[in-house]
Each structure stands twice: as C-alpha cells, then as structure tokens.
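Numbering (my numbering), first residue to last: 889 to 1139. Each residue gets a CB set at the ideal place from its N, CA and C atoms; glycine is no exception. Data first, discussion second: the structure below is written as structure tokens.
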C-alpha cells in the first residue's frame, strides 16, 4: 500500500492537491455526497497488490473483456501483478516529486483504483481507470501516427494543447448503479481540471456499447466520429469499429 508517513508532507499534499488521507495515511480522492449512499462511499486510490485477484476475475468476465481493447485475454495473475506494480511505482514517483516540493502538473492519474467504503470501514474493490495522453490509434499511417504521438508527448503536461484520454472498467456485479457516470464526473471535475488543467479529453468505445456511450454523453462528451482499430492479437487481431467521443472546455 502506498502511504505518506510524514504529517508535514500529508498536510502539504492536501493543501496543493484535492487528495485526502485515510487512517493508514494512504492518499485518496473523495467523491461528492450524492443521494446514493453507495456512490457517496466511492473513492479513488492507488492500486495495491491485494487487488490482483479482483483484476483477474473482472478482466476475464465476458461482460468486461469483450468491451475492452487493450488488456490481454485471458488475463492471468502475472498480468495483474505487473500492472499493479507499474501503478504503484507511478503513485510513489508522484509522492516523491511532491516531497521535493515540486508541484508541477503530474502525468496522468496515479489514483487509478475505484473502491467503495463499507459501513464497517473496510474497502471493496470496484474497478479501475486509466488517464493518459491520446495515442492517435485512429491514424492509419504508422509514420504519421508516430509523428503525432511524438509531438503530443513533447508537450508539458500543463500545456492546454495536450489531449487526454480516459478508459475504465468495473466489476460487473456493480453494473447498473451509476458507478462510472459518477466516477467520470468526479475524475474530471475534481482531478483532471484542477490537477491536469485538462481542456480536451477524448474517449473511445466499441460501436454498440450503449452503456459506456451513455456514461460519456451524460458527462458532456460528444460523438465526433468513428475509427477502425485492431483489437489485439490475444483477442484474434480483428479490426473493430469504435465510437470516438470528445469533451472540451474553454480556458
């Protein structure tokens, strides 16, 4: 578990960022109070190695993996261990940056795990998300794509021309409870705008994934087009069509 033991550093982080700390001194992003006690109990935290079994179970569910492009299938324990390790490393690197009194714009969101707090104080793993720079997968020509990615990655994170993208999945037992609509809204309002200074966010979902489409549209994303992408070798390597959504704000 990622923790911050120094009271002074915790206080400084909370004054510079929207993050809070739990009783274990682990950082989290709280969700606003809503009419749903369950949605009000949600929070974003760094990943933990204890999340591995939940990741494996969720990403092998037909209700989840058929809607995703990037995770390998079947999703094995070593996949989960590696992804969690990278996520924990990114979260620790950000805390180390803050400890150096460097409050420059972070790269993405290291608090990528969605949890719900139970009445007894225990946390339940709900899902995960990812925030990164737009990868231009819709660009067919590899030379053109490489140039666009290079140009995007050369920009500082706070540059208003940086285009971010968001992806997510949840344990299907939590489907139908408004989780992702609330998560995306909180992520944008409480983190991506104040911490990343985001002005443009793009997202894609497979054509026909109405539930995910509604999540984005409820949060102000507009359908701007479609693109054909390779779904990955572990999934057969077929080309599938995706809806392409975009959210933007004036600076």
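Based on DSSP bridge pairs, tell me the residues matched to residue 1136.
Its beta-bridge partners are 1088.
Residue 905 in three-state terms, based on DSSP
When secondary structure is reduced to three states using DSSP, residue 905 falls in the coil class, being assigned neither helix nor strand.
From the DSSP secondary-structure annotation, give me the bridge partner or partners of residue 1022.
Under DSSP, no beta-bridge partner is assigned to residue 1022.
What residue does the beta strand (DSSP E) around residue 978 start on, and which one ends it?
Not the beta strand (DSSP E): residue 978 falls in the alpha helix (DSSP H), residues 965–987.
Following the continuous alpha helix (DSSP H) through residue 1098, name the residue where it begins and the one where it ends.
1098–1106 is the extent of the alpha helix (DSSP H) around residue 1098.
Any idea what DSSP makes of residue 1035, helix, strand or coil?
If DSSP states are grouped into helix, strand and coil, residue 1035 belongs with the helices.
Under 8 Å, do residue 1055 and residue 927 count as touching if we go by C-beta distance?
Against a cut-off of 8 Å, the Cβ pair of residue 927 and residue 1055 comes out as no contact.
Using only CA atoms, which one of 950, 983, 970, 949 lies nearest to residue 891?
Selection 950, 983, 970, 949 evaluated against residue 891 yields 983 as nearest (Cα-Cα).
In its own chain, which residues sit with a C-beta less than 6 Å from the C-beta of residue 986, not counting the 5 before and 5 after it?
The residues are 901.
Does DSSP put residue 1042 in a helix, a strand or coil?
Correct three-state label for residue 1042: helix.
Scan the region 912–965 and note each continuous alpha helix (DSSP H) run of 4 residues or more that stays entirely inside, going in chain order.
The qualifying runs are 925–928, 940–947, 950–953.
Helix, strand or coil at residue 899 according to DSSP, with G and I counted as helix
If DSSP states are grouped into helix, strand and coil, residue 899 belongs with the helices.
Burial state of residue 1086, where buried means 16 or more other Cβ atoms lie within 10 Å
Under the 10 Å beta carbon count, residue 1086 is surrounded by 16 or more other beta carbons and is classified as buried.
Considering Cα atoms alone, identify which of 923, 906, 894, 905 is closest to residue 912.
The candidate whose alpha carbon is nearest that of residue 912 is 894.
Mark residue 951 as exposed unless 16 or more other C-beta atoms lie within 10 angstroms of its C-beta, in which case mark it buried.
Per the 10 Å Cβ criterion, exposed.
Expressed to the nearest angstrom, what Euclidean distance is found between the alpha-carbon atoms of residue 925 and residue 1114?
For residue 925 and residue 1114, the gap between their C-alpha atoms comes out near 37 Å.
Residue 1109 by DSSP, collapsed to three states: which one?
Looking at residue 1109 - three-state DSSP - the assignment turns out to be coil, as it is neither helix nor strand.
So, residue 1013 versus residue 942, is the Cβ gap smaller than 8 Å?
Result yes, Cβ atoms of residue 1013 and residue 942 sit closer than 8 Å.
Does DSSP classify residue 1121 as helix, strand or coil?
Three-state result, residue 1121: helix.
Quick one, which of 1039, 1027, 1100, 1091 has its alpha-carbon nearest residue 1063's?
That would be 1100, whose Cα lies nearest to the Cα of residue 1063.
For residue 1000, I'd like the list of residues in its chain whose CB is within less than 8 Å of its CB, leaving aside the five on either flank, ordered along the chain.
Hits under 8 Å: 932, 934, 935, 975, 1016, 1017, 1018, 1019.
Taking the alpha carbon of residue 1060 as the reference point, which residue from 1079, 953, 1048 has its own alpha carbon closest?
Of the candidates 1079, 953, 1048, the one whose C-alpha sits nearest the C-alpha of residue 1060 is 953.
Same chain, Cβ closer than 7 Å to residue 956, five either side skipped, listed in chain order
In the same chain as residue 956, and ignoring 5 residues on each side of it, the C-beta atoms closer than 7 Å to its own belong to 1057, in chain order.
Among 979, 964, 1081, 1034, whose alpha-carbon lies nearest the alpha-carbon of residue 945?
Looking at the Cα atoms, 964 is the closest of the given residues.
Check each candidate in 1128, 1105, 919, 1108 and name the one with the smallest Cα separation from residue 1003.
It is 919.
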